[in-house]
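J.: Residue numbers (our numbering), protein chains in the order written: chain R, 1 to 94; chain U, 1 to 109; chain C, 1 to 216.
Ideal placement from N, C-alpha and C gives every residue a C-beta, glycine not left out.
Just so we're clear, the structure is a prediction, and the values are computed from it rather than from any experiment.
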Amino acid sequence: MSRFAVGQRVRVAEAQPPGHVRTPQFLRGRDGVVLRHFGAFPNPERLAYGMDGRPALDLYQVLFTMDEVWAGEGAYAPRDTVTADIYESWLEAI
Amino acid sequence: MTTNRAISDLGGLPAGPIDTHEHEATLVERRIDAMMMLLRAKPRAFWVTDENRRTIESLTPEFYEGSAYYERWVTAMRALLIEKGVLDEAEIEAKLAEVRARYAAGGAA
Amino acid sequence: MSTHTHDHDHDHDHTTFQPDIKDPSQEWEFLEIALRELLIEKQILSAREIADEMEAWERKSPEAGARVVARAWCDDGFRQRLLADANSAVAELGVEIESVELIAVENTADLHHMVVCTLCSCYPRGLLGVPPLWYKSFEYRSRAVREPRAVLAEFGTELADSVEVRVLDSTADCRHLVIPARPAGTEGLSEDALAALVGRDSLIGTALARAPHGEA
């Protein structure tokens with residue numbers, strides 16, 4: 001069972017761990033909606049250091065409004081959005 | 001909260017116009033790309049993509065910002081070949097000295 | 001392969017490389033030569049393999065992506081399979097994508113996708129070939145997620161505010177392929193003629209598919 005369902009609202013952790021991560025800074029602490037569940041993939045934060053990436057993590061495409069991310073400070077139209085592919089360990093339900 | 005932004009994590013940072021010109025890859029760039037693919041692929045699989053990324057992120061910000069794309073790749077390749085024990089520092093330095101001397105003496109012999 | 005003889009007593013690969021157009025001048029170009037020669041001398045890689053891999057690079061081009069899009073425009077069953085499981089669908093056209101999950105998304109009258117990798121340079125190479133330099137540039141990677149309309153304008157692509165621009169940041173194991181909207185006035189065209197309208201940038205989402213010949 002995956003932890004999050006398509007359409008569910010989620011928040012990206014505002015964590016600042018050292019080392020290799022795949023969650024961009026501009027989305028940390030932002031709220032979005034799960035758009036797609038891609039399945040489980042090896043954990044890149046472990047693969048980066050020569051480990052086998054287990055346990056695998058569920059990977060989600062999360063959709064954010066540009067306004068949620070940039071609060072008007074960007075060149076976009078009101079309906080515009082951005083998605084990123086984020087591992088479950090970085091997401092919490094809201 | 002202080003951030004821990006990787007040098008490669010660029011989303012949203014201010015930047016200038018995009019140079020949309022096409023670029024014909026040079027022979028050196030194509031060879032670097034080919035070697036990287038071969039070293040990473042089975043049967044060798046000396047390292048995985050995420051190790052490659054971690055190595056590039058470990059470059060100094062000055063080097064990251066001032067280098068060409070394949071310059072970062074070949075620098076990461078050197079570091080990973082040493083990390084994985086495929087080549088060692090001394091033999092790379094010795095070969096580099098030989099290559100430099102060869103070109104200084106008048107091109108690829 | 002060269003036919004001249006060498007007097008070396010070891011048995012490394014003697015495939016020769018064409019000389020560089022210009023002599024290496026930068027430290028990293030020397031480093032490429034040094035690493036390559038060491039890897040070949042130690043029989044970790046062969047010159048033949050490197051040459052073959054370089055040829056494989058040249059065979060990969062956005063034409064494969066364009067064929068996939070043209071098929072999706074013509075064959076609704078294929079389109080649905082492509083949207084559901086892109087790796088399997090493109091394999092039907094002889095394109096094998098290994099080790100990454102290919103995700104196809106469709107542009108419509110209301111929704112326009114545009115792909116970036118803000119963290120590195122992830123790109124569906126198996127289908128589109130090597131990414132253009134601008135895709136890997138700091139400028140595109142920085143700005144695409146924050147100023148998509150300004151970035152699109154630099155590519156000559158203007159979209160109405162009623163269209164949602166959705167920027168896809170390739171942060172993980174998935175590689176995103178944009179299926180551009182089919183241009184108007186293309187109803188009677190063959191699949192080959194349609195594929196010719198699908199340029200690389202339309203598969204990334206910085207451009208639209210081209211209008212058919214004679215259309216504005």
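1) Tell me whether Met-51 (chain R) is buried or exposed, calling it buried when 16 or more other Cβ atoms sit within 10 Å of its Cβ.
2) Using a Cβ cut-off of 7 angstroms, which residues of the stretch 3–19 of chain R contact any Cβ in chain C, in chain order?
3) How would you label Ile-40 (chain C), buried or exposed, when you count the other beta carbons within 10 angstroms and need 16 or more for buried?
4) Let's test the definition: count the other Cβ atoms within 10 Å of the Cβ of Asp-50 (chain U) and tell me whether it reaches 16, buried, or not, exposed.
5) Alpha carbon to alpha carbon, how far is Asp-85 (chain R) from Leu-81 (chain U)?
6) At least one CB of chain C closer than 8 angstroms to the CB of Arg-30 (chain R): is that the case?
7) By Cβ distance below 8 angstroms, which residues in the same chain neighbour Thr-206 (chain C) in space, the five residues on each side in sequence not counted?
8) Quick check on the DSSP output: the alpha helix (DSSP H) that includes Met-37 (chain U) runs from which residue to which?
9) Indicate whether Ser-58 (chain U) and Cys-120 (chain C) have their beta-carbon atoms separated by less than 8 angstroms.
10) Measure the beta-carbon distance from Ser-142 (chain C) to Leu-10 (chain U) and round it to whole angstroms, keeping in mind my assumption that it falls under 8 angstroms.
11) Roughly how many whole angstroms lie between the Cα atoms of Asp-75 (chain C) and Pro-18 (chain R)?
12) How big is the Cα-Cα spacing for Arg-11 (chain R) and Ile-94 (chain R)?
13) If you compare alpha carbons, which of C:Tyr-140, C:Ala-89, C:Leu-177 and C:Phe-138 is closest to Gly-129 (chain C)?
14) Under 8 angstroms, Cβ to Cβ, is there at least one residue of chain C near Ala-77 (chain R)?
15) Are at least three pairs of beta-carbons, each pair with one atom in the stretch 33–40 of chain U and one in the stretch 164–171 of chain C, less than 8 angstroms apart?
16) Output yes if chain C places a C-beta closer than 8 angstroms to the C-beta of Ala-90 (chain U); else output no.
17) With 16 other CB atoms within 10 Å as the buried threshold, where does Glu-53 (chain C) fall?
18) Any beta carbon from chain U within less than 8 angstroms of Gly-72 (chain R)'s own beta carbon?
19) How close, in whole Å, do the beta carbons of Ile-179 (chain C) and Ala-104 (chain C) come, if the pair is a contact with beta carbons under 8 angstroms?
20) Only counting the same chain, and skipping five residues up and downstream in sequence, which positions put a Cβ closer than 8 angstroms to that of Met-68 (chain R)?
T.: In this structure, then:
1) Exposed, because fewer than 16 other Cβ atoms sit within 10 Å of the Cβ of Met-51 (chain R).
2) none
3) buried
4) buried
5) Computed Cα separation, rounded: 30 angstroms.
6) no
7) Met-114, Val-151, Leu-152, Phe-155 and Thr-157
8) 27–40
9) no
10) 4 angstroms
11) 48 angstroms
12) When rounded, the distance between both Cα atoms is 6 angstroms.
13) C:Leu-177
14) yes
15) no
16) Judged by the 8 angstroms Cβ criterion, Ala-90 (chain U) is not in contact with chain C.
17) buried
18) No, its Cβ sits nowhere closer than 8 angstroms to a Cβ of chain U.
19) Rounded, the Cβ-Cβ distance is 6 angstroms, consistent with contact.
20) First, the residue type needs correcting, since residue 68 (chain R) is Glu and not Met in the sequence shown. Within the same chain, Glu-68 (chain R) has close Cβ partners Arg-30, Asp-31 and Gly-32.
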